[in-house]
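Since the structure comes first, as structure tokens, the remarks are kept for the end.
Printed below as a string of structure tokens:
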């Protein structure tokens, strides 16, 4: 069931979750190649909330990233207007699994003894690879039937926008395993990122260029939905957001899968989520509900057919 914009605003302000919350879980993953510690918070699917959409095994998952001066703690604790659930909690209560991430050299993702590690241009490429490690965590949860990794959304802010776009490009370049004579029966390896939301986007981070990846992932045949958000009174933010929106919409004119949200605000990034719900918080929720939760993709075992441990149908 789809709720109207006004009804969603009302529910957020006056109604707290009708479901018992599953406590979030802190995890430390090993970064790509160098085993760098990558800290995440995992919000398991609320079983009651997911019951109406096919159960936990068919629940969407949203990976949430931060800007250069922030950490996942802002999302976990301070990503909503007063009196409203932090955004990851609200998603969890609506039947999503959620993973908030501290990118390397941000938040808790620093080696012991390094309080303020220097960030070098090459680190941004490593952050892209680290998202592959986060996806491996999502894969493990998928195989336990705790979520459906083929319903993956990403929310990125500022610096993490080009990181997320580069990761999405890598994900969509992953062709299925060559494990069946009939192409439609082959096991997917990637092509799981289905929705992307960008708050106050930057166009590049170090040597990672978001425009290049955006030109690839915008392909209509991929069907990825994009929402670009920036305050109309944030002169640089709105300029960069409009530039990215123009790239993403170039091959998708008049498509409801490409949306620009620009409330009359000067705020940037996560701070946009903390303003009145109707400005950004609710539009992002509604976009995810309309374009991610509704995807018709049933859970399947993602082990290749050549894996001897995979049951034969």
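In the numbering used here, the protein residues as written are 7 to 319. By construction, the Cβ of each residue, glycine as well, lies at the ideal position given by its N, Cα and C atoms.
Excluding its 5 nearest sequence neighbours in each direction, residue 194 has C-beta neighbours in its own chain below 6 angstroms: 182, listed in chain order. Here residue 57 carries a helix assignment [DSSP, helix/strand/coil]. A distance below 6 angstroms between beta-carbons, with the five flanking residues on each side excluded, links residue 224 to the following residues of its chain, in chain order: 254, 257. Look at residue 51 here: in three-state DSSP terms it is coil, with no helix or strand label.
Excluding the 5 residues flanking it on each side, residue 214 has same chain C-beta neighbours closer than 7 angstroms at 130, 131, 134, 168, 169, 172, in chain order. Taken through DSSP and simplified to helix, strand or coil, residue 148 comes out as helix. Residue 231 sits away from residue 206, with the two beta carbons spaced by 8 angstroms or more. Looking at the DSSP output, residue 43 shares a beta bridge with 36. The three-state secondary structure of residue 169, taken from DSSP, is helix. Taken through DSSP and simplified to helix, strand or coil, residue 284 comes out as coil. DSSP places residue 85 outside both helix and strand once states are collapsed to three, so it counts as coil. Residue pairing from DSSP places residue 265 in a beta bridge opposite 233.
For residue 131, the three-state secondary structure derived from DSSP is helix.
Counting only runs of 3+ residues, the beta strand (DSSP E) found wholly inside the stretch 152 to 228 occupies 158 to 163, 199 to 205, in chain order. Nearest neighbour of residue 63 by Cα position, chosen from 146, 271, 222, turns out to be 146. Contact annotation: residue 104 and residue 49 have beta-carbon atoms nearer than 8 angstroms. For a cut-off of 8 angstroms, the C-beta gap from residue 285 to residue 203 is around 14 angstroms, too long to register as a contact.
Residue 263 is classed as buried because its beta carbon has at least 16 other beta carbons within 10 Å across all chains shown.
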